[in-house]
Amino acid sequence: MSLFLNEIGNGIFLGAFFGLVALGYSMVYGILRLINFAHGDFYMVAAFVSYTILGAVIVGNSHAQWWTVAWVGLVVMIITGGLAMLANQLIYRPMRRAAILSLMIAAIGLSQVLENGVLVAPQWGATYLVYPVTTPPSGFNLGSNHYTWGQLIIVLISGLLALGVYFLVGRTLLGKAMRAVSEDRIAAVLMGINVDLVIAIVFFIGGALAGAAAVMTGVYYGQINYLMGFTVGLEAFTAAVLGGIGNIGGAVVGGLILGIVQSIGTGIFGAEWAIVVAFGALVLMLWFRPTGLLGERVARRM
Amino acid sequence: MKALELNDVSVFYGAVRGVEGVSLYVDEGEIVALLGANGAGKSTVLKAVSGLIHPRHGTISFFGEPFAKLSAHRRVIGGLVHVPEGRRIFTTLTIGENLELGAYGTQRSRTERAQRLGEVLALFPLLEQHFERLAGTLSGGEQQVLAIARAMMSNPRVLMIDEPSLGLDPQKVDIVYDMLEEVAALGTTVLLVEQNVALALEIASRAYVLQQGSVVLSGRSASLAQDSRLSDAYLGKATHDHG
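Sequence order for the protein chains is A and B. Each step along the first sequence adds one to the number in this note's numbering, with nothing skipped, and position 48 is 48. Each step along the second sequence adds one to the number in this note's numbering, with nothing skipped, and position 144 is 144.
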């Protein structure tokens with residue numbers, strides 16, 4: 001039983017990452033009906049950018065002070081948001097009248113460009129890079145499991161960011177405009193809403209969340225690689241679909257469920273089964289409930 | 001003062017003609033009807049004015065200023081609002097949220113929006129009791145009322161409305177038309193697109209009749225109502241259209 005609880009604890013931690021990346025998938029899908037396959041690579045680029053910035057500001061102090069990580073994290077969020085916005089502006093926006101399949105192929109293309117761009121970039125490349133900052137091992141025990149303060153902070157930050165998005169989309173005028181654009185772009189224009197700007201903001205927010213997730217991944221796991229966005233992207237996409245893609249609450253719930261399922265699955269079958277368990281869950285969900293847990297039902301559709 | 005003026009406007013969808021050589025004007029404070037059978041180009045004219053489509057040639061001016069390159073959302077901010085065919089309310093949002101979005105372009109501060117909301121709800125008291133309901137749960141007539149109220153949230157100088165009577169029973173049509181008259185009485189200029197000729201001529205001071213993309217007839221409502229050419233413009237079509 002306590003083993004089971006431990007896996008749930010690990011799963012929530014893992015799910016925090018999935019949820020943050022899934023939010024970006026889900027928001028962009030909600031507003032453009034586009035599955036942005038490059039989203040995972042925004043996360044990967046963010047990890048490398050933060051690696052370089054942190055490497056420059058922290059020399060020889062692996063337990064950096066938290067505020068250094070915090071402000072670098074914020075800067076990276078803005079950079080990644082900007083990258084996502086730039087991708088929208090240069091690639092997706094000119095294609096807005098094209099079939100959605102064309103956009104998805106463009107997204108896959110962009111994903112390849114980003115991965116191979118990082119691969120050939122000087123200082124970055126193909127090897128696993130050791131992240132300049134790690135979290136200290138001190139923490140607390142819950143059941144038979146030891147959790148570090150870093151893990152707790154990561155879960156809290158993820159929760160706060162997700163709540164912020166939920167509030168933004170649900171309560172603010174901008175969020176209402178996002179939902180309006182999602183439902184009927186023409187009607188939204190006729191309200192005086194600058195639809196292109198709203199879409200750009202959605203890309204920015206999605207990118208910024210991926211940026212936050214990337215910095216936390218680096219800090220916690222301690223290493224980064226140019227293919228890290230591919231796996232996380234697929235897992236986050238799975239999380240978004242599990243929760244009901246296009247749905248803000250669904251992305252978070254889907255992330256947590258996927259995290260827990262994957263933890264329990266790897267606890268039983270072994271770590272090498274992580275991906276199998278994740279996609280097995282996806283297949284089951286698509287089989288029994290194709291709209292996802294919260295899809296087309298309650299809560300906020302973007 | 002001419003609130004709206006179209007001069008020799010032509011719109012094409014690819015090679016297909018939408019409207020050609022349309023000239024018309026609406027004076028400030030006036031209700032003007034744009035009549036014609038299905039497919040005559042009425043909605044195309046409204047879309048060209050609101051900026052959803054771009055004319056191949058001709059000019060459109062708004063209180064004397066040419067619209068030309070102004071994007072659609074900026075025209076709303078400038079005081080022109082378009083209630084499109086089929087109402088297009090946001091069904092997954094609440095009535096309150098729909099109304100709030102109506103003020104998106106023009107009432108930027110929260111207090112301005114709240115004040116405008118009070119004014120609009122005074123005009124449309126029906127909506128107040130359903131404030132938190134999803135707009136998709138409203139009946140057709142209520143949705144039309146919401147669409148007009150939402151448009152009025154921006155406090156427009158000109159309201160363009162496309163087929164407000166479509167799909168409504170006669171009693172609901174009366175309610176909607178009373179509201180349009182009330183809106184006009186408060187000083188909003190109205191350009192009304194309608195297939196139901198009798199209804200439109202009742203509240204409009206002047207009308208234009210479109211046939212196959214061109215204006216074939218225009219004049220004061222009273223004289224048009226007795227013009228046999230008006231029914232000719234509809235013949236063969238009007239009898240098949242319900243609504």
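For every residue, glycine included, the Cβ atom is placed at its ideal position computed from N, Cα and C.
Listed in chain order, the non-local C-beta contacts of Thr-106/B below 7 Å within the same chain comprise Ile-77, Ser-154 and Asn-155, local neighbours out to five positions each way being set aside.
Residue-level contact by beta carbon holds for Leu-52/B and chain A, with a gap shorter than 8 Å. Going by C-alpha positions, Tyr-51/A is about 6 Å away from Tyr-131/A. Distance between Gln-212/B and Tyr-13/B, taken at the CA atoms: about 14 Å.
Linking Glu-5/B to Phe-288/A through their CA atoms gives a straight-line distance of about 57 Å.
Sixteen is the threshold: since fewer than 16 other Cβ atoms of the shown chains lie within 10 Å of the Cβ of Met-1/B, the residue is exposed. Restricting attention to Arg-220/B, Leu-80/B, Ser-165/B and Val-197/B, the CA atom closest to the CA of Asp-232/B is found in Val-197/B. Per DSSP, Tyr-234/B is one residue of the alpha helix (DSSP H) stretching across 228-234.
Residues of chain A with a Cβ closer than 7 Å to the Cβ of Tyr-104/B are, in chain order, Leu-173, Ala-177, Met-191, Gly-192 and Ile-193. Burial state of Ala-68/B is exposed, judged by a 10 Å Cβ sphere holding fewer than 16 other Cβ atoms.
If you compare the alpha carbons of Gly-265/A, Gly-270/A and Ile-193/A with that of Asn-98/B, the shortest gap goes to Ile-193/A. Across the set Ala-98/A, Ser-144/A, Gly-206/A and Leu-286/A, the C-alpha of Ser-144/A shows the shortest separation from the C-alpha of Asn-6/A. Using a Cβ distance threshold of 8 Å, Gly-250/A and Gly-259/A do not count as a contacting pair.
Chain-ordered, the chain B residues with CB closer than 8 Å to the CB of Ile-186/A read Leu-52, Pro-84 and Arg-88.
By the C-beta density criterion, Asn-38/B is exposed, having fewer than 16 other C-beta atoms within 10 angstroms.
The three-state reading of DSSP puts Thr-148/A in strand, counting E and B together.
Nearest CB-CB separation between Ala-149/B and chain A: not below the 8 Å threshold. With a cut-off of 8 Å on Cβ pairs, the region 93-100 of chain A is not in contact with the region 231-243 of chain A, counting fewer than three such pairs. Proximity to Met-191/A across Gln-115/B, Gly-136/B, Leu-159/B and Ala-3/B peaks at Leu-159/B, based on C-alpha coordinates. Taking C-beta separations shorter than 7 Å and ignoring five residues to either side along the sequence, the partners of Val-189/A in its chain run Val-195, following chain order. At least 8 Å separates the CB of Thr-59/B from every CB of chain A.
Taking 8 Å as the cut-off, the Cβ atoms of Val-28/A and Leu-34/A count as close. Within the same chain, no Cβ atom closer than 7 Å to the Cβ of Ile-268/A is found once the five residues on either side in sequence are excluded. For Tyr-220/A, the enclosing alpha helix (DSSP H) covers residues 195-221.
A distance below 8 Å between beta-carbons, with the five flanking residues on each side excluded, links Asp-41/A to the following residues of its chain, in chain order: Leu-110, Ser-111, Leu-114, Glu-115, Gly-229, Phe-230 and Gly-233. Separation of the CB atoms of Phe-37/A and Ile-108/A is rounded to 5 Å, and the pair is thereby assigned contact status at 8 Å. The region 61-75 of chain B makes no contact with the region 174-185 of chain A: fewer than 3 CB pairs, one atom from each, lie closer than 8 Å. The Cβ atoms of Glu-182/B and Leu-123/B lie closer than 8 Å to each other.
Contact between Leu-127/B and Leu-121/B holds: their C-beta atoms lie close to 6 Å from each other, under 8 Å. Taking a contact to require three or more Cβ pairs closer than 8 Å, the region 264-284 of chain A and the region 9-27 of chain B do not qualify as touching.
The criterion of a C-beta distance shorter than 8 Å is not satisfied by Leu-201/B and Val-190/B.
Secondary structure remark: continuous beta strand (DSSP E) runs of at least 3 residues inside the region 6-77 of chain B, in chain order: 16-27, 31-36 and 57-62.
Taking 8 Å as the cut-off, the Cβ atoms of Gly-24/A and Ala-180/A do not count as close. Ala-121/A counts as exposed, since fewer than 16 other beta carbons sit within 10 angstroms of its beta carbon. Identification of residues in the region 272-284 of chain A having a C-beta nearer than 9 Å to some C-beta of chain B yields an empty set.
According to the DSSP assignment, Gln-211/B belongs to the beta strand (DSSP E) that extends over 206-211.
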